């Protein structure tokens, strides 16, 4: 299903984020903090990669630029 290289790169990037969050601590109450508290690291990384892929797909199909959620709320 899909391109293996893109899927693998998304998972590698997600694993880097999960490892960083486990060392430095994810922001309190964030999606990542809640997931890492309950689920195994690899499962969280796959879920994050899926979340990133859906965001990328939405930006490509709507031809929009990335909007940082922290900046949108402010």
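Residue numbers (the working numbering): 18 to 91. All C-beta atoms, glycine included, are put in the ideal place defined by N, C-alpha and C. Owing to the predicted nature of the structure, the values given are computational and were not obtained by experimental measurement.
Quiz item: Just how far apart, CA to CA, sit residue 38 and residue 84?
Solution: Here the alpha carbons of residue 84 and residue 38 stand approximately 21 Å from one another.
Quiz item: Span of the alpha helix (DSSP H) holding residue 67?
Solution: 58-79
Quiz item: For residue 29, is the classification buried or exposed, using 16 other Cβ atoms within 10 angstroms of its Cβ as the cut-off for buried?
Solution: exposed
Quiz prompt | residue 69 beta carbon less than 8 Å from that of residue 26 | solution = no
Self-check item: Own chain partners of residue 35 with C-beta closer than 6 Å, once the 5 adjacent residues on each side are dropped
Solution: Closer than 6 Å at Cβ, skipping near neighbours: 58, 61 and 62.
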